[in-house]
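One structure is given below, encoded as structure tokens.
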Amino acid sequence: SEFKLLKRFTLRAEDDDGFADMGEVRCVLDANARTLTHLTLGAYLARTHSWDGAFQSGTIQNLTHLELVDTRISHGVLSRVAHAHRLVSLTLHGTLDKPGAATVVFGSDHVLEGRHTFLPHLADFRFVLVGHDSDISLFQSVVQFLRGRTRLRRLDLGNCPWELVLRLLPDLTGL
2 SEFKLLKRFT LRAEDDDGFA DMGEVRCVLD ANARTLTHLT LGAYLARTHS WDGAFQSGTI
62 QNLTHLELVD TRISHGVLSR VAHAHRLVSL TLHGTLDKPG AATVVFGSDH VLEGRHTFLP
122 HLADFRFVLV GHDSDISLFQ SVVQFLRGRT RLRRLDLGNC PWELVLRLLP DLTGL
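Now the structure itself:
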């Protein structure tokens, strides 16, 4: 937490118990609130792990790149992501604690005056879930969230049903 000018921070919580000191992670985020733009966090999927404390940092709203990899994603974390309006790149790879709540979050996007209200600058989106293959309503909500995003350059929807992706592709002229 002594580093003060980090632009990018990556943490993989891969020790024997799969945990990282969340207080220390939060300190690193807070200490670099002015400069940190790229955050990558990962932990064992099999372990109960929460990034909730770290995501209370105001730094989250300043990020342009966020990658949550091989980890559990709580509703609290997803809600904070929804308020990170500067995000250009977002990776959500793991398991959602509350897929129903995530469906609502992604479904909350609106287009006003030709601009998306939820993550308006998104150009790179990776949504790869483990254990949610049959949650069609979640994937429908994510596909709706992606409609008309002409800035989108890269896309990975993991196990999203092909029929949904196929209907989405004509709207994504920047891919």
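For what it's worth, my numbering labels the leading residue of the sequence shown as 2, then goes sequentially. Just so you know, even glycine gets a beta-carbon here, dropped at the ideal spot from N, CA and C. Being a predicted model, the structure only gives us computed values, none of them experimental.
Original post:
Who are the Cβ neighbours of LYS5 in its own chain at under 6 angstroms, not counting the five residues just before and after it?
Top reply: ALA32
Original post:
Do the CB positions of LEU130 and GLY95 come within less than 9 angstroms of each other?
Top reply: yes
Subject >> Beta-carbon separation (whole angstroms), LEU79 vs THR60, contact threshold 8 angstroms >> reply: With 8 angstroms as the limit, LEU79 and THR60 do not qualify as a contact, their Cβ atoms being about 17 angstroms apart.
Subject >> Cβ-based neighbour list, THR127, same chain, cut-off 6 angstroms, excluding 5 preceding and 5 following >> reply: The sequence given here places Arg at residue 127; Thr does not occur at that position. If we look at ARG127 and ignore the five residues flanking it on each side, its Cβ neighbours are THR92 and ASP157.
Original post:
In whole angstroms, what is the alpha-carbon distance linking VAL26 and ASP134?
Top reply: 31 angstroms
Original post:
By Cβ distance below 6 angstroms, which residues in the same chain neighbour GLY77 in space, the five residues on each side in sequence not counted?
Top reply: ASP53
Original post:
From which residue to which residue does the beta strand (DSSP E) around ILE61 run?
Top reply: Taken as a continuous stretch (DSSP letters only), ILE61 belongs to no beta strand (DSSP E), as it is neither H nor E.
Subject >> Cutoff 6 angstroms; reference HIS39; Cβ partners in own chain excluding five residues on either side >> reply: ARG9 and HIS66
Subject >> Enclosing alpha helix (DSSP H) for VAL89 [first to last residue] >> reply: That residue, VAL89, is in no alpha helix (DSSP H); it is neither H nor E in DSSP.
Subject >> Residue of GLY159, ASN160 and ARG154 minimising C-alpha distance to LEU173 >> reply: ARG154
Subject >> For CYS161 and SER138, the rounded distance between their alpha carbons >> reply: 11 angstroms
Subject >> Complete alpha helix (DSSP H) runs within the stretch 68-155 (minimum length 4 residues, chain order) >> reply: 76-83, 100-108 and 137-147
Subject >> Own chain partners of THR36 with C-beta closer than 7 angstroms, once the 5 adjacent residues on each side are dropped >> reply: LEU6, LEU7 and LYS8
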